[in-house]
Amino acid sequence: FVDYLLPTATEVPPIEYGHVEVPGPGVGGYKGAGEGGAIGSTPAVINAINDALAPLGVTVTRLPATPAAIAALIEEASAEPR
625 FVDYLLPTAT EVPPIEYGHV EVPGPGVGGY KGAGEGGAIG STPAVINAIN DALAPLGVTV
685 TRLPATPAAI AALIEEASAE PR
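So this is what it looks like as structure tokens:
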């Protein structure tokens, strides 16, 4: 790494780009912009929490799932008769 220098803006060749606009099939022709990758993480984490707490009879239904909120749900579930 001592002898290898990263290229800077002066060493990078000019880049040519173009846009191809293809409307989406829905009303208005709108398309997503990559937000799909961020949508799945919250439900996955909540499902993992619910799976871990299932033996205690706890289900998280509200966000944010803070430690204090989860502890309160566990206390509520343990106070209820089964």
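My numbering numbers the first residue of the sequence shown as 625 and each following residue consecutively. Note that CB positions come from ideal geometry on N, CA and C, so glycine has one too.
CA-to-CA, the gap between T634 and N674 works out to about 53 angstroms. Between the alpha carbons of A689 and G660 lies a distance of about 22 angstroms.
In the DSSP assignment, I698 falls within the unbroken alpha helix (DSSP H) covering P691 to A703.
If you ignore the 5 residues before and after I694, its C-beta comes within less than 8 angstroms of the C-beta of I673, L677, V682 and V684, all in its own chain and listed in chain order. Inter-residue distance for P647 and G658 is about 16 angstroms (C-alpha atoms, whole angstroms). At a Cβ-Cβ threshold of 8 angstroms, A703 and L680 do not count as neighbours.
Counting the other CB atoms within 10 Å of its CB gives L697 a total of 16 or more, which places it among the buried residues.
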